[in-house]
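Below is one structure; the comments refer to it alone.
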Amino acid sequence: MSAAARHRAAAALALALALGGCGDSDVQEVRRWMAEVKAQTRVVVPPLSEPKTFIPFAYEAKDAVDPFSPNKLLAELARAARSSGAFKPDLERRKELLESYPLDTVKMVGTLQKGSVVYALLQIDRAVHQVQAGQHLGQNFGLITSVTEDAVAIKEIVQDAGGDWVERMTKLELQDSKETKK
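In this text, residue positions in the sequence shown follow numbering that gives the first Met the number 0: the first is 0, and each later residue adds one.
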């Protein structure tokens, strides 16, 4: 036998052995094991809980006033307009001299008493003005409500973000001069 024929015979024998190893003897064993496990295993499914009982909601406000009714909205807007007018400033009133200056440019530098009336001394630029309760001050329709030895209380009427007129209280406090700090 020639060497080439021997190599072919050896290759054919190796191929036959390889194909013989691929038999289903192991597959049969695995299938038997799976069948045993399947027969011994019990499936446990927990019982489902009872469904909740549904209680229908009885809508009892069907005869009430519709909150989105245009008539109700118009009535509410009219009421709000009447109530917001309580703080509306008198735009027809003649302006006083000190209403042309913003409050941040006004300094309280002292007080003066004449009889029972207390006056505040306010400095604007280099001029000093004396004011008393009831006078107007500042650009926001400010009304001086009281004058004490150390402060002037002012009630301003300003517009908020919604355009409504609201009252705002502010104070001008007595400024210490440079000479008293030495």
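Don't be surprised by glycine CBs; every beta carbon is placed ideally from N, CA and C.
### Query
Beta-carbon separation of residue 182 and residue 148 under 8 Å?
For residue 182 there is no data in the structure shown, the boundaries of the chain being 0 and 181.
Given this structure, state the Cα-to-Cα distance separating residue 129 from residue 118, to the nearest angstrom. To locate residue 129, count along the sequence shown from 1; it is residue 130. To locate residue 118, count along the sequence shown from 1; it is residue 119. Answer to the nearest angstrom: the Cα atoms are 6 Å apart.
Beta-bridge partners of residue 167, as assigned by DSSP | Your numbering for residue 167 matches position 168 in the sequence shown. DSSP, once it has assigned bridges, lists 155 as partnering residue 167.
Taking its Cβ as the centre, do 16 or more other Cβ atoms sit within 10 Å of residue 136, making it buried, or is it exposed?
Taking the sequence shown and counting its residues from 1, the one referred to as residue 136 is at position 137. Result: buried.
Query raised in the report: Under 8 Å between the Cβ atoms of residue 120 and residue 110?
Result: Within the sequence shown, the letter at position 121 stands for residue 120. Within the sequence shown, the letter at position 111 stands for residue 110. A contact, by the Cβ cut-off of 8 Å.
Would you mind stating whether residue 146 and residue 132 have Cβ atoms separated by less than 8 Å?
Locating residue 146 in the sequence shown gives position 147, where the first residue counts as 1. Locating residue 132 in the sequence shown gives position 133, where the first residue counts as 1. Going by C-beta atoms, residue 146 is nearer than 8 Å to residue 132.
Q.
Buried or exposed, going by whether 16 or more other CB atoms sit within 10 Å of the CB of residue 134?
A. Counting from 1 along the sequence shown, the entry for residue 134 is found at position 135. Residue 134 is buried by the Cβ-count criterion.
- According to DSSP, residues forming a beta bridge with residue 135: In the sequence shown, counting from the first residue as 1, residue 135 sits at position 136. According to DSSP, residue 135 bridges with 142.
- Query: Is DSSP giving residue 129 helix, strand or coil here?
  - Reply: Translated into the one-based positions of the sequence shown, residue 129 becomes position 130. Shown here, residue 129 sits in a strand according to DSSP, grouped into three states.
Considering only DSSP beta bridges, list what residue 107 is partnered with. Numbered from 1 along the sequence shown, position 108 holds the residue referred to as residue 107. DSSP lists 121 and 173 as partners of residue 107.
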